[in-house]
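Q:
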Amino acid sequence: MMLHTSTLHVYRWLRRKRRKKKIDLYKRAYHMVIDPVIVFYGGLFVIFCLFMGYDTLQNIVPVLQIRASPLTEKALYLPFIFIFIAAVGSYTDPGIRFTSSELQLSLLPHPRKLLLSYLFFERIVIHTFMVILLIIIAVSFLPLASVLIWGMSYIGSFIASLFFRWRLFSKSLFHKTAACVWTGSLLALSFTRIPLFLLFILFIVTVMVLLVQKNEVNWGKVVEVNDARVWNMMIIGQMTNVHIKPKEKYGVTQILRRRKKDRFVSAQKLYERIWIGYFLRSAEYLWKTILTVCLILLIIPIKVDWMLIVTLPIAVGVYHEVAGGLFLDVENVFHSLPVDDKVSISSYLKGAYLAALPLLISFISIQWILGEAWIGIVIQIIGLVLWMYRDLERVIQERWLTVQKEKFYSEGWKRFAGFIALGAGVFHPLCMFLIPLLLLTTRRKLPFNKVKSS
Numbered sequence: 153m154m155l156h157t158s159t160l161h162v163y164r165w166l167r168r169k170r171r172k173k174k175i176d177l178y179k180r181a182y183h184m185v186i187d188p189v190i191v192f193y194g195g196l197f198v199i200f201c202l203f204m205g206y207d208t209l210q211n212i213v214p215v216l217q218i219r220a221s222p223l224t225e226k227a228l229y230l231p232f233i234f235i236f237i238a239a240v241g242s243y244t245d246p247g248i249r250f251t252s253s254e255l256q257l258s259l260l261p262h263p264r265k266l267l268l269s270y271l272f273f274e275r276i277v278i279h280t281f282m283v284i285l286l287i288i289i290a291v292s293f294l295p296l297a298s299v300l301i302w303g304m305s306y307i308g309s310f311i312a313s314l315f316f317r318w319r320l321f322s323k324s325l326f327h328k329t330a331a332c333v334w335t336g337s338l339l340a341l342s343f344t345r346i347p348l349f350l351l352f353i354l355f356i357v358t359v360m361v362l363l364v365q366k367n368e369v370n371w372g373k374v375v376e377v378n379d380a381r382v383w384n385m386m387i388i389g390q391m392t393n394v395h396i397k398p399k400e401k402y403g404v405t406q407i408l409r410r411r412k413k414d415r416f417v418s419a420q421k422l423y424e425r426i427w428i429g430y431f432l433r434s435a436e437y438l439w440k441t442i443l444t445v446c447l448i449l450l451i452i453p454i455k456v457d458w459m460l461i462v463t464l465p466i467a468v469g470v471y472h473e474v475a476g477g478l479f480l481d482v483e484n485v486f487h488s489l490p491v492d493d494k495v496s497i498s499s500y501l502k503g504a505y506l507a508a509l510p511l512l513i514s515f516i517s518i519q520w521i522l523g524e525a526w527i528g529i530v531i532q533i534i535g536l537v538l539w540m541y542r543d544l545e546r547v548i549q550e551r552w553l554t555v556q557k558e559k560f561y562s563e564g565w566k567r568f569a570g571f572i573a574l575g576a577g578v579f580h581p582l583c584m585f586l587i588p589l590l591l592l593t594t595r596r597k598l599p600f601n602k603v604k605s606s
């Protein structure tokens, strides 16, 4: 408790000193550039505009009161708008102003997580206070229920988007792009006739999946971007023509250019090229497996439609086992080269996920042929992708421990429960939501409860 109090006092002192320094810079710029006469007439002009705005508001108040109920329903779209904006903004902005000053404090006996929680709390409190003020003003000419719904929707959407942007900022370019596509799809679907409660469930699952993941924060990138944003004061920059910006190495085009430049240098790319060569040598096993699982999905359910409940788990299980069997040859693939387990597994999984695309396309095709509602297909695809992503990763990790001759508990009952949930999701799409719940109960990495040799 004493540590938290000390950290809070130091944090408040730091923020006060920074605020005082910025105010001093604004004062110097004001005395150097601004003419007091222009400020006086500018103030009169602002007051005149406020009176004009008040008259205009009086004229549109009756229209707003008539349209209050239809406008209230539009507040439910705010979460999807905010999370899409957060996904797009995560390329260049972490959303939380954790600067080099806070980073230096964290090197002292002041926990970094505690400083970060203060920053989150400060932003949330400021926005909540602004919303409360707007509610107090708006309630004088709009229905209280409508104003409260808008205010609560804004605050909830802002908090969710703030955490979402912070966690996504340190992710790879692939994750950010995937998040933009997914959140943009949710936003587009919200304007269709799909029930909003289904979209809200997907919204909550999207935020929770990102929050429960282990996140390695790129503190160097966060600090450099935030320092530039905190000290790039727009008014002073316009006056002095000096704009403080983060280095170009964090831009989207620079990231793509650097990735292309380092494609033969990074270990990830080198391992991927080795695995591609191995896949080409094992092409016969691959195309036979892919063809088999696709035929299982397509042929049998056309004859007996309910058999898809059984054939989908079988097809996924067969594909995962074959992919795991091919990975057992990892020592012969790399020969005498040193093998990094994390890089080797991640590069192999990338190829295995791409090879699973025909299976997904076959499942979508058979469901479309059988006349499944497209919203049901979307939910089933989400559950199927989540399960294939996690189960295939687990299978490959187990095979790696097998190659290393390490003992572990595979917890096969959870895999069995996952395949049961997958089949139940084919019977009724809402059962697919059992898969994220099941995945949250599983551990992220192997080995599970590693057995000590006596």
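Quick note on numbering: the sequence shown equals residues 153 to 606 in my numbering.
Note that CB positions come from ideal geometry on N, CA and C, so glycine has one too.
1. Quick one: any contact between the region 527-537 and the region 568-584, if contact means 3 or more CB pairs under 8 Å?
2. May I ask you to check if the CB of Asn378 is nearer than 7 Å to at least one heavy atom of the ligand GDP?
3. Determine the DSSP secondary structure at Val189, reduced to helix, strand or coil.
4. Report the CB separation of Leu314 from Arg264 in whole angstroms; it is logged as a contact under 8 Å.
5. Check this for me: beta carbons of Thr224 and Ser298, under 8 Å apart or not?
6. Determine the closest residue to Gln519 out of Gly564, Ile452 and Lys502, with distance taken between C-alpha atoms.
7. With contact counted as at least three CB pairs below 8 Å, one residue from each stretch, are the region 301-315 and the region 279-293 in contact?
8. Tell me the DSSP secondary structure of Tyr243 in three-state form.
9. Given this structure, state the Cα-to-Cα distance separating Leu592 from Thr444, to the nearest angstrom.
10. Taking buried to mean at least 16 other C-beta atoms within 10 Å of its own C-beta, is Arg345 buried or exposed?
11. What is the rounded straight-line gap between the Cα of His262 and the Cα of Arg167?
12. Measuring only between beta-carbons, confirm whether Ile190 sits less than 8 Å from chain B.
13. Counting C-beta neighbours from all protein chains within 10 Å, is the total for Asn484 16 or more, i.e. buried, or is it exposed?
14. Please state if the CB of Arg551 and the CB of Gly476 are separated by a distance shorter than 8 Å.
15. Run through DSSP, which three-state label would Leu589 get?
16. Apply the 10 Å Cβ neighbour rule to Ile248 and answer buried if 16 or more other Cβ atoms are within range, or exposed otherwise.
17. Of the residues Arg164, Ile175 and Phe236, which one's Cα is nearest the Cα of Leu271?
18. Please report how far the alpha carbon of Leu586 lies from the alpha carbon of Phe326, in whole angstroms.
19. So, for Leu338: in the same chain, excluding its five sequence neighbours on each side, which residues have a beta-carbon less than 7 Å away from its beta-carbon?
20. Between the Cα of Val374 and the Cα atoms of Phe321, Val361 and Val333, which residue gives the shortest distance?
21. Taking the beta carbon of Gly577 as the centre, do at least 16 other beta carbons fall within 10 Å, making it buried, or is it exposed?
22. Assuming Glu274 is part of the alpha helix (DSSP H), what are its boundary residues?
23. Can you check whether the CB of Arg317 is closer than 8 Å to the CB of Asn367?
24. Below 8 Å CB to CB, which residues in the same chain sit around Ile516 once its five sequence neighbours on both sides are set aside?
25. Check each candidate in Ile235, Ser292 and Glu254 and name the one with the smallest Cα separation from Thr335.
26. Straight-line CA distance for Pro581 to Leu512?
27. Under the three-state reduction of DSSP, which class applies to Val462: helix, strand or coil?
28. Just checking my contact of Ser242 with Lys179 at CB under 8 Å: how many whole Å lie between their CB atoms?
29. Evaluate Asp118 with the Cβ neighbour count: other Cβ atoms within 10 Å of its Cβ, from every protein chain shown; 16 or more gives buried, anything less gives exposed.
30. Tell me whether the beta-carbon of Leu544 lies closer than 8 Å to the beta-carbon of Ala504.
31. Would you mind stating whether Ile497 and Ile548 have Cβ atoms separated by less than 8 Å?
32. Considering His374, what are the terminal residues of the alpha helix (DSSP H) in which it resides?
33. Would you give the residue range spanned by the alpha helix (DSSP H) that Ala525 belongs to?
34. Tell me which same chain residues have a C-beta within less than 6 Å of the C-beta of Ala331, skipping the five on either side of it?
35. Tell me whether the beta-carbon of Pro510 lies closer than 8 Å to the beta-carbon of Cys583.
36. My understanding is that Leu348 touches Leu230, with C-beta atoms under 8 Å, so please give their C-beta distance in whole angstroms.
A: Short version:
1. Pairwise C-beta distances place the region 527-537 in contact with the region 568-584, as three or more of them are shorter than 8 Å.
2. The ligand GDP is not part of this structure, which contains no ligands at all.
3. Reading the sequence shown from its first residue, position 37 is the one you call residue 189. Secondary structure of Val189 (DSSP, three-state): helix.
4. Here residue 314 is taken as the residue at index 162 of the sequence shown, counted from 1. Here residue 264 is taken as the residue at index 112 of the sequence shown, counted from 1. Contact flag wrong, Cβ pair sits at about 18 Å.
5. For this step, residue 224 is matched to residue 72 along the sequence shown. For this step, residue 298 is matched to residue 146 along the sequence shown. Yes. Within cutoff.
6. Start at 1 with the first residue of the sequence shown, and residue 519 comes out as number 367. Selected option, being the one with the closest Cα: Ile452.
7. The region 301-315, when compared against the region 279-293, does touch it at the 8 Å Cβ threshold.
8. Position 91 of the sequence shown, counting from 1, holds the residue named residue 243. Tyr243 sits in coil when the DSSP states are folded into three classes, being neither helix nor strand.
9. Counting from 1 along the sequence shown, the entry for residue 592 is found at position 440. Counting from 1 along the sequence shown, the entry for residue 444 is found at position 292. One C-alpha to the other measures close to 31 Å.
10. The count along the sequence shown starts at 1 and reaches residue 345 at position 193. Its Cβ having fewer than 16 others within 10 Å, Arg345 is exposed.
11. Here residue 262 corresponds to residue number 110 of the sequence shown, with the count starting at 1. Here residue 167 corresponds to residue number 15 of the sequence shown, with the count starting at 1. Going by C-alpha positions, His262 is about 15 Å away from Arg167.
12. Here there is only one protein chain, and chain B is not present.
13. Within the sequence shown, residue 484 is the residue found at index 332, counting from 1. Exposed, since its Cβ has fewer than 16 Cβ neighbours within 10 Å.
14. The sequence position of residue 476 within the sequence shown is 324, counting from 1. The sequence position of residue 551 within the sequence shown is 399, counting from 1. Taking C-beta atoms as the reference points, Gly476 and Arg551 count as a pair closer than 8 Å.
15. Counting from one through the sequence shown, the residue named residue 589 turns up at place 437. DSSP places Leu589 in helix when its eight states are reduced to three.
16. Here residue 248 is taken as the residue at index 96 of the sequence shown, counted from 1. So Ile248 counts as buried.
17. Mapped onto the sequence shown, residue 271 falls at position 119. Checking every option, the nearest Cα to that of Leu271 belongs to Arg164.
18. Stepping through the sequence shown from its first residue, residue 586 is reached at position 434. Stepping through the sequence shown from its first residue, residue 326 is reached at position 174. Roughly 27 Å separates the two Cα atoms.
19. Position 186 of the sequence shown, counted from the start, is the residue given in the question as residue 338. For Leu338, where only same-chain residues beyond five positions count, the Cβ hits under 7 Å are Phe232, Leu351, Leu354 and Phe355.
20. By 1-based counting over the sequence shown, the position of residue 374 is 222. Minimum Cα distance to Val374 is reached at Phe321.
21. Working through the sequence shown from its first residue, we reach residue 577 at position 425. With at least 16 other beta carbons inside 10 angstroms of its own, Gly577 counts as buried.
22. One-based indexing of the sequence shown puts residue 274 at position 122. That run of the alpha helix (DSSP H) goes Arg264 to Ala290.
23. For the purposes of this step, residue 367 is taken as the residue at position 215 of the sequence shown. For the purposes of this step, residue 317 is taken as the residue at position 165 of the sequence shown. With respect to the 8 Å criterion, Asn367 and Arg317 are not classified as neighbours on the basis of their beta carbons.
24. Within the sequence shown, residue 516 is the residue found at index 364, counting from 1. Closer than 8 Å at Cβ, skipping near neighbours: Ile529 and Ile533.
25. Taking the sequence shown and counting its residues from 1, the one referred to as residue 335 is at position 183. That would be Ile235, whose Cα lies nearest to the Cα of Thr335.
26. To locate residue 581, count along the sequence shown from 1; it is residue 429. To locate residue 512, count along the sequence shown from 1; it is residue 360. One C-alpha to the other measures close to 16 Å.
27. Taking the sequence shown and counting its residues from 1, the one referred to as residue 462 is at position 310. Note: Val462 maps to helix in three-state DSSP.
28. For this step, residue 242 is matched to residue 90 along the sequence shown. For this step, residue 179 is matched to residue 27 along the sequence shown. Ser242 to Lys179, Cβ: 35 Å. No contact.
29. Because residue 118 is not part of the residues shown, which for the chain are 153 to 606, the question remains open.
30. Mapped onto the sequence shown, residue 544 falls at position 392. Mapped onto the sequence shown, residue 504 falls at position 352. In this structure, Leu544 places its C-beta atom within 8 Å of the C-beta atom of Ala504.
31. As a first step, residue 497 is located in the sequence shown; it is residue number 345 there, counting from the start. As a first step, residue 548 is located in the sequence shown; it is residue number 396 there, counting from the start. Taking 8 Å as the Cβ cut-off, Ile497 and Ile548 qualify as a contacting pair.
32. Locating residue 374 in the sequence shown gives position 222, where the first residue counts as 1. According to the sequence provided, residue 374 is Val. The question's His does not apply to it. Per DSSP, Val374 belongs to the alpha helix (DSSP H) from Trp371 to Trp383.
33. Residue mapping note: residue 525 aligns to position 373 of the sequence shown, counting from 1. Run containing Ala525: none; DSSP gives neither H nor E here.
34. On the sequence shown, residue 331 is found 179 positions in, with the first residue counted as 1. Counting only Cβ-Cβ distances below 6 Å, and skipping sequence neighbours, we find Ala239 and Leu320.
35. One-based indexing of the sequence shown puts residue 510 at position 358. One-based indexing of the sequence shown puts residue 583 at position 431. Against a cut-off of 8 Å, the Cβ pair of Cys583 and Pro510 comes out as no contact.
36. As a working note, residue 348 is residue 196 in the sequence shown. As a working note, residue 230 is residue 78 in the sequence shown. That belief does not hold up - the Cβ atoms of Leu348 and Leu230 are roughly 12 Å apart, past 8 Å.
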